[in-house]
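Numbering (the numbering used here), first residue to last: 3 to 212.
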């Protein structure tokens, strides 16, 4: 099995990638599986692609193996695309020091406050994910993206997924949030699922040449 580092500590993202590469001779590793310290990459680029490229290149060089990194987020139409690249840390100024589910909860609460009084037709939103594959020397081998359109519900629903999933109602399932979908249903339509499918040909070529 060929090791492939996925430069994230988000268990939901790791589970999604492992589902998508099932059947390929790839062993998806988390940063904790590498056995050596990896750099803490500052995500200060102006775009999702810029942040993902920084993470993929730095982690591939440090680990000495191929690495995949993503940067993703949500843009709200009524907020002129915010929180965008700040999606994961949007509530940090008001609630510093949180992580994981607590950070997700704070971000969702901030989004509901920001859209208080905004009617359904104006609650449009778009999830976006960018995935970058880097070689062990840090060279960028592929950059792909995926999007998913939907709207923001007026209250959280569902217990699956992570991030803004309890509030995001995808166009393909207008009666359910992402957090109410099964893993397979989510993979079929999500921004990250679409980006993963775009990167699969590159991973297949990688598996065939190593």
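Cβ coordinates follow ideal geometry from the N, Cα and C atoms, glycine included.
Measure the C-alpha to C-alpha separation of residue 34 and residue 11 and round it to an integer number of angstroms. 8 Å
Let me check understanding here. Comparing Cα to Cα, which of 58, 126, 23 lies closest to residue 138? 58
Can you tell me where the beta strand (DSSP E) with residue 154 in it begins and where it stops? Residue range 142 to 154 is occupied by the beta strand (DSSP E) that includes residue 154.
If I'm right that residue 93 touches residue 105 with Cβ under 8 Å, what's the distance once you round it to whole angstroms? 7 Å
Return helix, strand or coil for residue 16, following the three-state DSSP convention. helix
If you draw a straight line from the alpha carbon of residue 6 to that of residue 110, how long is it in whole angstroms? When rounded, the distance between both Cα atoms is 32 Å.
Does the stretch 166 to 178 touch the stretch 110 to 127, meaning 3 or more C-beta pairs lie closer than 8 Å? yes
Who are the Cβ neighbours of residue 43 in its own chain at under 6 Å, not counting the five residues just before and after it? 56, 57, 60
With 16 other Cβ atoms within 10 Å as the buried cut-off, status of residue 152: buried
Backbone secondary structure at residue 77 - three-state DSSP: If DSSP states are grouped into helix, strand and coil, residue 77 belongs with the strands.
Within 10 angstroms of its Cβ, does residue 46 collect 16 or more other Cβ (buried), or is it exposed? exposed
Does the stretch 131 to 150 come close enough to the stretch 198 to 205 that 3 or more CB-CB pairs lie under 8 Å? yes
Quick check on DSSP: helix, strand or coil for residue 173? coil
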